[in-house]
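Trainee: Supplied in structure tokens, the structure appears directly below.
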Amino acid sequence: MSNVLEYSLSKALYHKEKIELLKKGQMIIPTEIQIDPEAFCNDNCSFCSYRKEDGYNNEMTELIQAKPGSTENRAIGIPSIQSRIDNDILLSIPQQMVDAGIPAIEITGGGEPTLHPKFTEFYRECGKYGLDIGLVTNGSRLNDEIIGMVKKYGLWIRLSMDASNQDTHKKIHRTPNEDFEKRLNNLKKILDGKRKELIVGISFIITPENIDDIENAARLFASLKVNHIRFSWMYDRQGTAGLTKEQIEHIGDLIPRLQKELDTEDFKVFNEKNRIQTYTQKNDFNTCHFQRFVVAIGADGGLYPCCIMKYNKKFEYANLKNSTLNEIVTSMNVDAFMKNLNPVNCRPCWLSPRNASIDGAIKDPNYKPIPKPNHANFI
Ligand code: SF4
Ligand code: SF4
């Protein structure tokens, strides 16, 4: 693989000063935090690695006082003060990010972030502090106030839809509410008169339940004029996303065909086709650079090296209950944790291509930064 191609895999390669510091073995300030304000979710998606019986991140269910593995059409567990980041801590994060020099925040889950009782206030604060804001949501709880804030302050929003119709959506999201249309209407409100800079994406995780809906979903969301739909695979231990070899091959042909037909200047079909291969791969590399750029924060207030290792207590290197972000990202103990982290002990790392591209830049004496990509701080 050429350096150029390899390097295009991570936006980290735009951040010249940080790469130069890493070359010298020094600490850097991350560009992004990915935070789960709330562990509870009103959905119970069949692919959710936080809820599945064999889900990699299902230690999280302790926070919602539930056992993983329920296949019922209803939310599992209960929301409580234990399932979410403390109100005061959450609302202090924008200031803490500014103090620490971290410019971007992805608000995500874990659970459904908009269910945190202080979500609206929190998002507004992030906007007022001028942070780059991305939001991942199932779209069910977006009211006019939240939609207004997203349209005013947001850099991007991604709705986890995974279907083009109510029946398929229900099979996957396993919610008792037949509210696919409501979620679609929320999406339409976001799109209506939005700033050009606000990128609206759809996430479609391929599972056995929605494999026949891929084409319809691509066509539906293209017609609604979202900016992109991103197809990826359920993260599972078998590395098959629950699909047969023939089904995977079929999708391998289908998505490029849809890209050819539907991609325009304003709409793209993103294909995370190679990610499934990493689900059973051994992590045969020595250093994790990704953790230097991105801080994953769980609903337990814990800081983890990435979303893959989130809620694994052995990988929690600090907690917002005990320290500020500024203290954490400049701590020699945290630096030592990151230096000692051996990827062999991680779950299969689907971020390994990004790690490899950063590693390539660090080792390359002729490294040159890539041109500024869109949303450069979201690595
Ligand atoms: S909407 Fe997201 S957090 Fe909620 S169950 Fe589905 S995948 Fe999990
Ligand atoms: S899973 Fe990958 S990105 Fe996460 S800590 Fe391990 S090596 Fe780093």
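According to the working numbering, the sequence shown is numbered sequentially starting from 325. Even for Gly, the Cβ is constructed at its ideal location relative to N, Cα and C. Model, not experiment: these values are computed from the prediction.
In or out: glutamate 521 buried (at least 16 other Cβ within 10 Å) or exposed?
Mentor: On the sequence shown, residue 521 is found 197 positions in, with the first residue counted as 1. By the 10 Å Cβ count, glutamate 521 comes out exposed.
Trainee: Nearest CA to the CA of arginine 498: which residue from Gly451, Glu396 and Leu455?
Mentor: Taking the sequence shown and counting its residues from 1, the one referred to as residue 498 is at position 174. Answer by Cα proximity: Glu396.
Trainee: Output the boundary residues of the alpha helix (DSSP H) element that contains leucine 414.
Mentor: On the sequence shown, position 90 is the one that residue 414 refers to. Taken as a continuous stretch (DSSP letters only), the alpha helix (DSSP H) holding leucine 414 covers 411–424.
Trainee: Which first and last residues belong to the alpha helix (DSSP H) in which tyrosine 447 is found?
Mentor: Sequence index remark: in the sequence shown, residue 447 carries index 123 (1-based). Looking at the DSSP string, the run of the alpha helix (DSSP H) that includes tyrosine 447 is 443–452.
Trainee: Is it true that the segment 415–425 meets the segment 383–402, where meeting means three or more beta-carbon pairs spaced less than 8 Å apart?
Mentor: no
Trainee: Could you pull out every unbroken alpha helix (DSSP H) segment of at least 4 residues lying fully inside the segment 567–598, listed in chain order?
Mentor: 569–586
Trainee: Which parts of the segment 490–555 are runs of the beta strand (DSSP E), unbroken and 3 residues or longer, counting only runs that do not cross its ends?
Mentor: Listed in chain order, the beta strand (DSSP E) elements of length 3 or more contained wholly in the segment 490–555 are 523–530.
Trainee: In whole angstroms, what is the alpha-carbon distance linking arginine 465 and asparagine 595?
Mentor: On the sequence shown, position 141 is the one that residue 465 refers to. On the sequence shown, position 271 is the one that residue 595 refers to. Roughly 27 Å separates the two Cα atoms.
Trainee: The beta strand (DSSP E) that contains alanine 428, what's its start and end?
Mentor: The sequence position of residue 428 within the sequence shown is 104, counting from 1. Per DSSP, alanine 428 belongs to the beta strand (DSSP E) from 428–431.
Trainee: Looking only at DSSP bridge pairs, what is threonine 461 linked to?
Mentor: Here residue 461 refers to the residue found at position 137 of the sequence shown. According to DSSP, threonine 461 bridges with Leu483.
Trainee: Can you grab the Cα-Cα spacing for the pair asparagine 551 / threonine 355, in whole Å?
Mentor: Sequence index remark: in the sequence shown, residue 551 carries index 227 (1-based). Sequence index remark: in the sequence shown, residue 355 carries index 31 (1-based). Those two C-alpha atoms are separated by around 24 Å.
Trainee: Since cysteine 673 and asparagine 679 are thought to touch, with beta carbons under 8 Å apart, how far apart are those beta carbons, to the nearest angstrom?
Mentor: On the sequence shown, residue 673 is found 349 positions in, with the first residue counted as 1. On the sequence shown, residue 679 is found 355 positions in, with the first residue counted as 1. Going by Cβ atoms, the distance from cysteine 673 to asparagine 679 rounds to 7 Å, so yes, they are a contact pair.
Trainee: When DSSP builds the beta bridges, which residues end up paired with asparagine 643?
Mentor: In the sequence shown, residue 643 corresponds to position 319, counting from 1. Paired residue(s): Gly626.
Trainee: Sort Thr444, Met485, Asp688 and Ile409 by Cα distance to leucine 544 and report the nearest one.
Mentor: For the purposes of this step, residue 544 is identified with residue 220 of the sequence shown, where counting begins at 1. Checking every option, the nearest Cα to that of leucine 544 belongs to Met485.
Trainee: I need the boundaries of the beta strand (DSSP E) containing isoleucine 359, first residue and last residue.
Mentor: Start at 1 with the first residue of the sequence shown, and residue 359 comes out as number 35. Run containing isoleucine 359: 356–359, per the beta strand (DSSP E) assignment.
Trainee: Between glycine 435 and alanine 390, is the Cβ-Cβ spacing less than 7 Å?
Mentor: Taking the sequence shown and counting its residues from 1, one reaches residue 435 at position 111. Taking the sequence shown and counting its residues from 1, one reaches residue 390 at position 66. Not a contact, by the Cβ cut-off of 7 Å.
Trainee: In whole angstroms, what separates the C-alpha of valine 653 from that of asparagine 540?
Mentor: As a working mapping, residue 653 is identified with position 329 in the sequence shown. As a working mapping, residue 540 is identified with position 216 in the sequence shown. Looking at the two C-alpha atoms, the distance is approximately 44 Å.
Trainee: Using the Cα positions of isoleucine 343 and isoleucine 686, report the straight-line distance between them to the nearest angstrom.
Mentor: On the sequence shown, residue 343 is found 19 positions in, with the first residue counted as 1. On the sequence shown, residue 686 is found 362 positions in, with the first residue counted as 1. Taking the straight line from one Cα to the other gives about 6 Å.
Trainee: Mind checking which residues open and close the beta strand (DSSP E) that includes valine 619?
Mentor: Sequence index remark: in the sequence shown, residue 619 carries index 295 (1-based). Start and end: 618–621.
Trainee: Going by the beta-carbon positions, is the gap between isoleucine 359 and isoleucine 431 smaller than 7 Å?
Mentor: Residue 359 sits at position 35 when you count from the first residue of the sequence shown. Residue 431 sits at position 107 when you count from the first residue of the sequence shown. Closer than 7 Å, so yes.
Trainee: DSSP on glutamate 377, reduced to helix/strand/coil?
Mentor: Locating residue 377 in the sequence shown gives position 53, counting from the first residue. In this structure, glutamate 377 counts as coil in the three-state DSSP scheme.
Trainee: Hey, how far is the Cα of aspartate 503 from the Cα of leucine 483?
Mentor: Counting from 1 along the sequence shown, the entry for residue 503 is found at position 179. Counting from 1 along the sequence shown, the entry for residue 483 is found at position 159. Approximately 14 Å, taken between the alpha carbons.
Trainee: Checking 7 Å against the spacing of the C-beta atoms, do isoleucine 526 and cysteine 369 come in under that value?
Mentor: By one-based count along the sequence shown, residue 526 stands at place 202. By one-based count along the sequence shown, residue 369 stands at place 45. No, these two residues do not count as a Cβ contact at 7 Å.
Trainee: Could you pull out every residue in the same chain whose Cβ sits closer than 6 Å to the Cβ of alanine 424, ignoring the five residues on either side in sequence?
Mentor: Position 100 of the sequence shown holds residue 424. Contacts found: Leu649, Asn650 and Val653.
Trainee: Could you tell me the boundaries of the alpha helix (DSSP H) in which asparagine 664 lies?
Mentor: Position 340 of the sequence shown holds residue 664. Where asparagine 664 is concerned, the enclosing alpha helix (DSSP H) stretches over 656–664.
Trainee: Opposite glutamate 362 in the DSSP bridges: which residues?
Mentor: The residue labelled residue 362 in the question sits at position 38 within the sequence shown. Beta-bridge pairing links glutamate 362 to Arg408.
Trainee: Label phenylalanine 702 either buried or exposed according to how many other C-beta atoms from any shown protein chain fall within 10 Å of its C-beta, with 16 as the threshold for buried.
Mentor: Taking the sequence shown and counting its residues from 1, the one referred to as residue 702 is at position 378. Classification for phenylalanine 702: buried.
Trainee: Look at the alpha carbon of asparagine 361 and the alpha carbon of glycine 622, and state the distance between them as a whole number of angstroms.
Mentor: Numbered from its first residue, the sequence shown carries residue 361 at position 37. Numbered from its first residue, the sequence shown carries residue 622 at position 298. Note that residue 361 is proline in the sequence shown here, rather than asparagine. Within the model, the alpha-carbon separation for proline 361 versus glycine 622 is close to 7 Å.
Trainee: Please list the terminal residues of the continuous alpha helix (DSSP H) segment that includes aspartate 683.
Mentor: As a position in the sequence shown, residue 683 is number 359, starting the count at 1. In this chain, the alpha helix (DSSP H) harbouring aspartate 683 covers 676–687.
Trainee: Would DSSP call aspartate 468 helix, strand or coil?
Mentor: Here residue 468 refers to the residue found at position 144 when the sequence shown is read from its first residue. Secondary structure at aspartate 468: helix, using DSSP grouped into helix, strand and coil.
Trainee: Counting pairs of beta carbons, one from the segment 631–647 and one from the segment 580–587, are three or more of them closer than 8 Å?
Mentor: no
Trainee: Pairing CB atoms from the segment 372–385 with CB atoms from the segment 599–606, are three or more of them under 8 Å?
Mentor: no
Trainee: Please report the distance separating the alpha-carbon of serine 655 from that of leucine 644.
Mentor: Against the sequence shown, residue 655 aligns to sequence position 331. Against the sequence shown, residue 644 aligns to sequence position 320. For serine 655 and leucine 644, the distance between alpha carbons rounds to 13 Å.
Trainee: Where does glutamine 562 land, buried or exposed, given buried means 16+ other C-beta within 10 angstroms?
Mentor: Here the question's residue 562 lines up with position 238 in the sequence shown. Exposed, because fewer than 16 other Cβ atoms sit within 10 Å of the Cβ of glutamine 562.
Trainee: Give me the DSSP bridge partner(s) of aspartate 456.
Mentor: As a working note, residue 456 is residue 132 in the sequence shown. Answer is Ala428, bridged to aspartate 456.
Trainee: What does the alpha-carbon distance come out to for the pair glutamine 350 and proline 677?
Mentor: Here residue 350 refers to the residue found at position 26 when the sequence shown is read from its first residue. Here residue 677 refers to the residue found at position 353 when the sequence shown is read from its first residue. Distance between the alpha carbons of glutamine 350 and proline 677 is about 22 Å.
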